[in-house]
Amino acid sequence: MRIDWIVVPLAFVCVGCVPVEPVAVSPSIQQPITALPETEPSPVTARLIGSTVAEVDSAATGMWLAMDGIDRAVPGWITDQETGVSAQVDLRPLQGDGIDQISFDALSGLGIREARLVIVDVYYDVSALRVGSD
């Protein structure tokens, strides 16, 4: 059995190996990194309500989404399905029948400047839903 077909390539690999001395890191680089403040509910306290098609309502200001199935205002956030951009919003009950409504400010928070309809994933913060708060 010939093993020279293994020895020759292995010799080429080992020839290029040179020991490297460790480099000292400056103390200024070793400073701890402070965490950024959290801007949306953590995944631990967040729950997906679902996806919805919402129509822009420019009549009322603020960052909100009004949708069917919400019985009282709760904090949450939305994610644009097309771009993946998220924004914090107040989730409100939908007044009357019809398509879900999104504020122009919330739409701008998603980075969308012009649209009539938008498809978003809707999340709510379960930490805001405390037992006995109704």
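Numbering (this note's numbering), first residue to last: 16 to 149. Positions of the beta carbon are idealized from the N, C-alpha and C atoms, including for glycine.
{"Asked": "Enumerate in chain order the residues of its own chain whose CB-to-CB distance from Glu53 is below 6 Å, with the five nearest sequence positions on each side excluded.", "Found": "For Glu53, the predicted model reports a pLDDT of 49, less than 50, meaning its position is unreliable; a value from the coordinates is still stated below. Contacts found: none."}
{"Asked": "Helix, strand or coil for Leu109 per DSSP?", "Found": "coil"}
{"Asked": "Below 9 Å between beta carbons: does that hold for Ala81 and Arg107?", "Found": "yes"}
{"Asked": "For Val137, does the count of other Cβ atoms within 10 angstroms reach 16, so buried, or fall short, so exposed?", "Found": "buried"}
{"Asked": "Report the three-state DSSP secondary structure of Ala74 (helix, strand or coil).", "Found": "coil"}
{"Asked": "Could you spell out where the alpha helix (DSSP H) holding Leu125 opens and where it closes?", "Found": "No alpha helix (DSSP H) holds Leu125; DSSP gives it neither H nor E."}
{"Asked": "Could you give the residue range of the beta strand (DSSP E) that holds Gly165?", "Found": "Since the displayed the chain opens at 16 and closes at 149, residue 165 lies outside it and no answer follows."}
{"Asked": "What residue range is occupied by the uninterrupted beta strand (DSSP E) comprising Val100?", "Found": "It is not in any beta strand (DSSP E) - Val100 carries neither H nor E in the DSSP assignment."}
{"Asked": "Specify the secondary structure class of Glu129 as computed by DSSP and reduced to three states.", "Found": "coil"}
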